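In the UniProt record's numbering, the protein residues as written are 1 to 679.
Even for Gly, the Cβ is constructed at its ideal location relative to N, Cα and C.
These numbers were taken from a predicted model, which means no experiment stands behind them.
Report on the following structure.
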């Protein structure tokens with residue numbers, strides 16, 4: 001990590017900060033991350049330890065002296081009165097008092113209301129009129145003899161945000177990083193440790209940035225609690241606003257018919273609804289209708305006037321049931337309020353992010369390494385909104401003609417947004433483009449599948465979500481949850497491939513019914529396992545091929561770490577389960593090792609021999625420095641080629657996690673398994 005941190009500082013000097021400093025200073029203060037990192041960026045955007053120490057103390061001093069904590073508001077007021085003026089950091093909102101024909105400021109934490117403020121501040125920063133902006137302000141105190149006048153005055157005011165970025169410089173620096181390095185840098189920038197996430201899990205997290213980079217992008221994320229669904233929209237950008245779904249009105253969101261004031265969509269890049277789900281929530285049907293029009297046409301009207309806006313809409317909420325339950329008994333939108341459970345409204349959603357795949361955040365999942373100052377990243381995302389990569393996939397791929405215009409637009413907007421986030425310089429190869437296109441199609445197909453279940457009119461023309469590559473091969477895309485569980489209402493069985501029609505035959509999913517299992521015969525072919533896929537076990541992958549084998553050779557160069565040794569023992573347990581008690585089976589392991597692990601491995605293998613021998617499994621092993629491939633060779637004529645060896649599962653959370661004991665609920669790493677019949 002030291003080398004990676006040095007590389008980050010080399011190419012983005014002054015624009016990155018060590019992320020543990022944020023949590024170190026923030027404590028229990030209700031201060032957004034972008035406000036805090038704005039200050040850290042001024043004093044701690046360096047890798048020099050002495051400068052960082054001095055900067056941290058400076059920022060702590062500024063927070064202590066100038067940040068307004070609600071419980072210390074009276075102390076701050078007293079300080080302003082005694083000094084005549086004092087600089088503060090607070091959330092400031094402005095409203096027009098038409099009776100007095102003046103603008104008035106409201107200080108959130110300080111509790112001051114209706115403080116006259118000069119028109120020039122509003123002209124320069126119109127977003128002050130839209131619910132509040134964090135600012136550094138100089139508040140004055142001057143007693144007047146005029147009746148009913150207030151002593152408070154706003155002398156200076158500056159919203160907290162980076163003044164500007166050089167996008168061309170940003171793009172040039174991006175070229176110095178690989179895709180993997182760049183995704184890790186972005187993960188660290190949003191405060192997460194990339195080592196705790198698979199590639200797909202990183203993609204899920206980074207898709208949350210797309211609404212900031214793509215104009216008029218509509219995203220919904222439903223999933224369990226504790227996954228940080230709303231955090232990014234409130235903490236990481238001064239251009240996004242998070243509002244409670246129950247507090248939204250037509251006037252607040254679009255336009256006030258009485259005053260003519262434009263609402264939130266006119267000023268913010270992202271408007272996110274928090275706690276959006278909840279069947280019993282009361283909602284305004286007229287608001288839903290306006291949202292439908294805005295999400296489809298980027299416009300809203302007042303009388304005869306039509307207004308355009310560019311705000312992306314994000315809806316986040318909690319699900320009430322497990323994914324297989326929803327797929328069998330209802331649909332993946334079943335948690336939504338009744339008025340939003342509307343096929344016409346939901347058809348405007350470009351991307352349904354599967355929140356159930358996102359890991360619940362634990363302490364070890366946060367980073368202490370370097371990442372972008374989030375306000376800098378927010379300004380870059382804002383600049384990238386001006387660019388368009390919607391058709392950039394066409395250099396490699398052609399979407400199926402059966403895909404409707406609305407579906408195609410949704411796919412293209414997700415693809416464009418992901419390119420801006422991961423490849424802002426616009427350069428990616430076919431493999432990299434395929435990863436993003438598959439994901440974009442999946443996110444839209446998740447919406448369309450649920451619409452087919454909700455509204456039979458969507459069944460009139462069943463769409464093939466597939467595309468053709470430059471070599472003429474056709475690729476079809478399926479959502480991960482349907483691969484795992486099937487979909488009873490759509491007559492789609494569980495299992496099958498990852499979506500690529502040319503990837504070989506599908507290996508039949510093993511039935512839970514013992515009689516059916518007896519009739520299933522092993523077949524040659526290939527099994528594609530998607531990243532984050534569940535429902536996979538060694539028994540389902542290898543069970544029918546192991547039957548009848550008495551000599552088994554496992555070739556896997558990486559059986560050395562504790563979890564790898566555990567994987568091997570789980571495989572040995574499967575072999576023991578499948579054989580008859582009176583039979584004996586031999587397992588020979590051919591692996592590699594190095595001096596750091598070899599003694600522990602030898603001790604572990606010796607213990608394995610002793611434990612397996614009494615149950616009729618004879619275990620032997622050898623070390624071979626030359627092996628690279630991974631396979632299982634059986635004396636019954638079958639050979640199984642393992643793309644990742646036995647290491648197909650992602651890390652669990654320890655013995656108290658059911659996934660540690662139950663393979664089918666573990667998330668997998670992406671890999672391929674090929675079954676060959678020899679002789």
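Next on the checklist: If you measure between the beta carbons of residue 241 and residue 130, is that distance less than 9 Å?
Outcome noted: To locate residue 241, count along the chain shown from 1; it is residue 241. To locate residue 130, count along the chain shown from 1; it is residue 130. A distance below 9 Å separates the beta carbons of residue 241 and residue 130.
Item to check | Per-residue burial, residue 48 [other beta carbons within 10 Å of its own, 16 or more giving buried] | outcome: Here the question's residue 48 lines up with position 48 in the chain shown. That one is exposed.
Checklist entry - Taking the C-alpha atoms as reference points, what is the distance between residue 412 and residue 311? => result Along the chain shown, one-based indexing puts residue 412 at 412. Along the chain shown, one-based indexing puts residue 311 at 311. Distance from the CA atom of residue 412 to the CA atom of residue 311, rounded to whole angstroms, is 18 Å.
Checklist entry - Assuming residue 357 and residue 219 make a contact with CB atoms under 8 Å, what is their CB distance in whole Å? => result Start at 1 with the first residue of the chain shown, and residue 357 comes out as number 357. Start at 1 with the first residue of the chain shown, and residue 219 comes out as number 219. Your pair residue 357 and residue 219 does not check out as a contact, with CB atoms roughly 15 Å apart and the cut at 8 Å.
Checklist entry - Around the C-beta of residue 156, are 16 or more other C-beta atoms found within 10 angstroms, so that it is buried, or is it exposed? => result Locating residue 156 in the chain shown gives position 156, where the first residue counts as 1. With fewer than 16 Cβ atoms within 10 Å of its Cβ, residue 156 is classed as exposed.
Item to check | Segment contact, 8 Å Cβ cut-off, at least three pairs: the segment 195-209 with the segment 518-532 | outcome: The segment 195-209 is in contact with the segment 518-532.
Checklist entry - What number of angstroms, rounded off, separates the C-alpha of residue 608 from the C-alpha of residue 628? => result To locate residue 608, count along the chain shown from 1; it is residue 608. To locate residue 628, count along the chain shown from 1; it is residue 628. Going by C-alpha positions, residue 608 is about 24 Å away from residue 628.
Next on the checklist: Tell me whether the segment 337-354 and the segment 171-189 touch, counting them as touching only if at least three CB pairs, one residue from each stretch, are closer than 8 Å.
Outcome noted: Because the criterion of three Cβ pairs below 8 Å is not met, the segment 337-354 and the segment 171-189 do not touch.
Item to check | First through last residue of the beta strand (DSSP E) which encompasses residue 372 | outcome: Stepping through the chain shown from its first residue, residue 372 is reached at position 372. Per DSSP, the continuous beta strand (DSSP E) segment holding residue 372 begins and ends at 370-372.
Checklist entry - Just the Cα atoms here: how many angstroms apart are residue 230 and residue 271? => result The residue given as residue 230 occupies position 230 in the chain shown. The residue given as residue 271 occupies position 271 in the chain shown. Distance between the alpha carbons of residue 230 and residue 271 is about 11 Å.
Item to check | Own chain residues within Cβ distance below 8 Å of residue 581, not counting five before or after | outcome: Within the chain shown, the letter at position 581 stands for residue 581. If we look at residue 581 and ignore the five residues flanking it on each side, its Cβ neighbours are 616.
Item to check | Closest by C-alpha distance to residue 362, when choosing among 307, 659 and 193 | outcome: Along the chain shown, one-based indexing puts residue 362 at 362. Out of 307, 659 and 193, 193 has the C-alpha closest to the C-alpha of residue 362.
Next on the checklist: Does residue 575 pass the burial test, meaning 16 or more other C-beta atoms within 10 Å, or should it be called exposed?
Outcome noted: For the purposes of this step, residue 575 is taken as the residue at position 575 of the chain shown. With 16 or more Cβ atoms within 10 Å of its Cβ, residue 575 is classed as buried.
Checklist entry - If you draw a straight line from the alpha carbon of residue 106 to that of residue 112, how long is it in whole angstroms? => result If you number the chain shown from 1, residue 106 lands on position 106. If you number the chain shown from 1, residue 112 lands on position 112. Residue 112 has its alpha-carbon roughly 6 Å from the corresponding atom of residue 106.
Checklist entry - What runs of the alpha helix (DSSP H), each 4 residues or longer, lie entirely inside the segment 150-228? => result Whole alpha helix (DSSP H) segments, 4+ residues: 167-174, 179-189, 199-207 and 210-213.
Checklist entry - Fully enclosed by the segment 330-355, which alpha helix (DSSP H) runs are 4 residues long or longer? => result Runs found: 343-346.
Next on the checklist: Tell me which residue opens and which closes the alpha helix (DSSP H) that residue 467 is part of.
Outcome noted: As a working note, residue 467 is residue 467 in the chain shown. Run containing residue 467: none in the alpha helix (DSSP H); it sits in the beta strand (DSSP E), 466-469.
Checklist entry - So what does DSSP say about residue 503, is it helix, strand or coil? => result Taking the chain shown and counting its residues from 1, one reaches residue 503 at position 503. Confidence in residue 503 is poor, its pLDDT being 38 and thus under 50, which makes the residue's placement unreliable; the coordinate value appears in the next sentence. Here residue 503 carries a coil assignment [DSSP, helix/strand/coil].
Checklist entry - Whose CA, out of 435, 377 and 350, lies closest to the CA of residue 209? => result Along the chain shown, read from residue 1 onward, the residue named residue 209 stands at position 209. Per the Cα distances, 377.
Item to check | Beta carbon of residue 387 nearer than 9 Å to that of residue 420 | outcome: Sequence index remark: in the chain shown, residue 387 carries index 387 (1-based). Sequence index remark: in the chain shown, residue 420 carries index 420 (1-based). Their beta carbons are under 9 Å apart, which means residue 387 touches residue 420 by this criterion.
Item to check | Closest residue to residue 196 among 143, 307 and 359 (Cα-Cα distance) | outcome: Working through the chain shown from its first residue, we reach residue 196 at position 196. Comparing Cα positions, the closest option is 359.
Checklist entry - Can you find at least 3 beta carbon pairs, one from the segment 362-376 and one from the segment 1-18, that sit closer than 8 Å? => result By the Cβ rule, the segment 362-376 counts as touching the segment 1-18, because three or more pairs are nearer than 8 Å.
Checklist entry - Excluding sequence positions up to five away, which residues of its chain have a Cβ less than 8 Å from the Cβ of residue 516? => result Within the chain shown, the letter at position 516 stands for residue 516. A caution first: residue 516 carries a pLDDT of 47, below 50, which makes its placement in the model unreliable, though a value can still be read off. Cβ neighbours of residue 516 beyond the five flanking positions: none.
Next on the checklist: Using DSSP's beta-bridge definition, name the partner residues of residue 302.
Outcome noted: In the chain shown, counting from the first residue as 1, residue 302 sits at position 302. Residue pairing of residue 302 in beta bridges, as defined by DSSP: 305.
Item to check | Residues of its chain near residue 479, where Cβ-Cβ distance is below 6 Å and the 5 sequence neighbours each way are ignored | outcome: Translated into the one-based positions of the chain shown, residue 479 becomes position 479. Cβ neighbours of residue 479 beyond the five flanking positions: 442, 445 and 446.
Next on the checklist: Just verifying my parser: in three-state terms, what is the DSSP assignment at residue 25?
Outcome noted: Translated into positions along the chain shown, residue 25 becomes position 25. Residue state for residue 25 is assigned as helix, using DSSP reduced to three classes.
Next on the checklist: Per the DSSP calculation, residue 487 is bridged to which residue(s)?
Outcome noted: Indexing the chain shown from 1 puts residue 487 at position 487. For residue 487, which the question treats as bridged, DSSP gives the partners 492.
Checklist entry - Run through DSSP, which three-state label would residue 511 get? => result Sequence index remark: in the chain shown, residue 511 carries index 511 (1-based). Reliability of the predicted coordinates at residue 511 is poor, the pLDDT of 40 falling under 50, and the value obtained from them is presented with this limitation in mind. The answer is coil: DSSP assigns residue 511 none of H, G, I, E or B.
Checklist entry - Is residue 275 closer than 9 Å to residue 244 when the C-beta atoms are compared? => result Position 244 of the chain shown, counting from 1, holds the residue named residue 244. Position 275 of the chain shown, counting from 1, holds the residue named residue 275. For the 9 Å CB-CB criterion, residue 244 and residue 275 form a contact.
Checklist entry - Roughly how many angstroms lie between the CA atoms of residue 176 and residue 4, to the nearest whole one? => result On the chain shown, residue 176 is found 176 positions in, with the first residue counted as 1. On the chain shown, residue 4 is found 4 positions in, with the first residue counted as 1. Near 12 Å, if we compare the C-alpha coordinates of residue 4 and residue 176.
Item to check | residue 685 versus 109, 389, 381 and 674, residue with shortest Cα-Cα distance | outcome: Shown here, the chain extends from 1 to 679; a query on residue 685 therefore has no answer.
Next on the checklist: Rounded to whole angstroms, what is the Cα-Cα separation between residue 499 and residue 41?
Outcome noted: The residue given as residue 499 occupies position 499 in the chain shown. The residue given as residue 41 occupies position 41 in the chain shown. Low local confidence applies: a pLDDT of 49 at residue 499 is under 50, so the model's placement there is unreliable, with the coordinate-based value given in what follows. Going by the C-alpha atoms only, they are around 45 Å apart.
Checklist entry - Quick one: what does DSSP say residue 49 is sitting in, helix, strand or coil? => result Mapped onto the chain shown, residue 49 falls at position 49. Looking at residue 49 - three-state DSSP - the assignment turns out to be helix.
Next on the checklist: Please return the same chain residues whose Cβ sits closer than 7 Å to the Cβ of residue 547, not counting the five positions on each side in sequence.
Outcome noted: For this step, residue 547 is matched to residue 547 along the chain shown. Answer for residue 547: 578, listed in chain order.
Item to check | Coil, strand or helix - residue 498 by DSSP | outcome: As a working mapping, residue 498 is identified with position 498 in the chain shown. Any reading at residue 498 must be qualified, since the residue scores a pLDDT of 46, below 50, and its modelled position is unreliable; no value is offered.
Checklist entry - Where does the unbroken alpha helix (DSSP H) through residue 420 begin, and where does it stop? => result Taking the chain shown and counting its residues from 1, the one referred to as residue 420 is at position 420. In the DSSP assignment, residue 420 falls within the unbroken alpha helix (DSSP H) covering 405-422.
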